[in-house]
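Peer 1:
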Amino acid sequence: QKEVEQDPGPLSVPEGAIVSLNCTYSNSAFQYFMWYRQYSRKGPELLMYTYSSGNKEDGRFTAQVDKSSKYISLFIRDSQPSDSATYLCATVPGRSYNTDKLIFGTGTRLQVFP
Amino acid sequence: ETGVTQTPRHLVMGMTNKKSLKCEQHLGHNAMYWYKQSAKKPLELMFVYNFKEQTENNSVPSRFSPECPNSSHLFLHLHTLQPEDSALYLCASSPPSSNQPQHFGDGTRLSIL
């Protein structure tokens, strides 16, 4: 079983839609979770990170962690064509926030059409 | 401008060639990383350097040889690669404190003929 599972997509939505991107993870000890965005021909850039359960909001983006089901989500409100990218979830193995050893999902490719 | 610069952006090489990938960071970070990104696979951590010392080698074949002469520069020397080594190779860096996020370069797209 992979430590982090993510549907590769592609996910295609119209502009203005609410987008839900999801990952599941296998180890209940994981506590830190991150979302990276990767545009075509670019490296990943950190969007948000969260600790343990709960929600974190930043503008149109909301990251959510449900530790009981080992499920993490990224919601994008009022999606824009500029949000078209691959979204990677990542976690830190273990209980300390040591980002030397990130575990990534495969990434979900999102396309927002006008 | 990402602060982490990788060259070349694209590289095509034969299996018997020797080439090097270069990474340079202008962020004052002390940790640097090499990742491999293949289609439909998660990013794979290859090597980690902290203060120029290698602290992680994730069972990478010896045909990949990293070098970190100082905290701002990282190289990946390649020789006798295989077709399955074709991928995007990403460099990242992070500040001295281990609880800070990594900043990525835009990668080198490597194709092995």
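Order-wise, the sequence lines are chains A and B.
Sequential numbering from 1 applies to the first sequence in the numbering used here.
Sequential numbering from 1001 applies to the second sequence in the numbering used here.
Glycine included, each C-beta is placed from N, C-alpha and C at the ideal position.
These numbers come from a predicted model, not from an experiment.
Leaving out five residues before and five after histidine 1077/B in sequence, what residues of the same chain have Cβ atoms less than 6 Å from its Cβ?
Peer 2: Ser1020, Ser1065
Peer 1: Among Arg1009/B, Lys1036/B, Met1032/B, whose alpha-carbon lies nearest the alpha-carbon of proline 1069/B?
Peer 2: For proline 1069/B, the closest C-alpha among the options Arg1009/B, Lys1036/B, Met1032/B is that of Met1032/B.
Peer 1: Based on Cα-Cα distance, which residue from Leu102/A, Thr91/A, Lys101/A, Val112/A lies nearest to cysteine 23/A?
Peer 2: Thr91/A
Peer 1: Whose CA, out of His1026/B, His1073/B, Ser1059/B, Gln1082/B, lies closest to the CA of glycine 1014/B?
Peer 2: When only C-alpha atoms are compared, the closest one is Gln1082/B.
Peer 1: So the candidates are Ser68/A, Asp66/A, Ser73/A; which of them puts its Cα closest to the Cα of leucine 47/A?
Peer 2: Taking the Cα of leucine 47/A as reference, the smallest distance to any Cα among Ser68/A, Asp66/A, Ser73/A is reached at Ser73/A.
Peer 1: What residue does the beta strand (DSSP E) around histidine 1079/B start on, and which one ends it?
Peer 2: Unbroken beta strand (DSSP E) run through histidine 1079/B: 1073-1079.
Peer 1: Could you tell me how far apart the beta carbons of aspartate 1106/B and arginine 1009/B are, in whole angstroms, since I believe they sit closer than 8 Å?
Peer 2: Indeed they touch by this definition, with Cβ atoms about 7 Å apart.
Peer 1: Would you say phenylalanine 1104/B lies against chain A (beta-carbon separation less than 8 Å)?
Peer 2: yes
Peer 1: Please report the distance separating the alpha-carbon of glutamate 3/A from that of histidine 1029/B.
Peer 2: A straight line joining the alpha-carbon of glutamate 3/A with that of histidine 1029/B spans about 28 Å.
Peer 1: Below 8 Å on the Cβ atoms is my guess for phenylalanine 75/A versus valine 19/A; work out the distance and round it to an integer in Å.
Peer 2: 7 Å
Peer 1: Tyrosine 104/A versus chain B: which residues are under 8 Å apart at the beta carbon?
Peer 2: A small fix is needed here, since residue 104/A is phenylalanine in this sequence, not tyrosine. The contacting residues are Pro1042, Leu1043.
Peer 1: Could you tell me which of Tyr51/A, Gly54/A, Tyr87/A sits nearest to glutamate 45/A, measuring between CA atoms?
Peer 2: Tyr87/A
Peer 1: Using the Cβ count rule (16 or more neighbours within 10 Å means buried), how would you classify threonine 50/A?
Peer 2: buried
Peer 1: With 8 Å set as the bound, which would you pick, yes or no: does the beta-carbon of glycine 1003/B sit closer than that to a beta-carbon of chain A?
Peer 2: Glycine 1003/B is outside the set of residues whose beta carbon lies under 8 Å from a beta carbon in chain A.
Peer 1: Label phenylalanine 113/A either buried or exposed according to how many other C-beta atoms from any shown protein chain fall within 10 Å of its C-beta, with 16 as the threshold for buried.
Peer 2: exposed
Peer 1: Under 9 Å, CB to CB, which of the residues in the region 32-47 of chain A have a partner in chain B?
Peer 2: Tyr32, Met34, Tyr36, Gln38, Arg41, Lys42, Gly43, Pro44, Glu45, Leu46
Peer 1: Is there a Cβ of chain B sitting closer than 8 Å to that of valine 4/A, yes or no?
Peer 2: yes
Peer 1: Does chain A have any CB closer than 8 Å to the CB of leucine 1090/B?
Peer 2: Judged by the 8 Å Cβ criterion, leucine 1090/B is in contact with chain A.
Peer 1: Have a look at glutamine 31/A and leucine 1113/B and give me their C-alpha separation to the nearest angstrom.
Peer 2: 42 Å
Peer 1: Given this structure, state the Cα-to-Cα distance separating leucine 110/A from threonine 1080/B, to the nearest angstrom.
Peer 2: 36 Å
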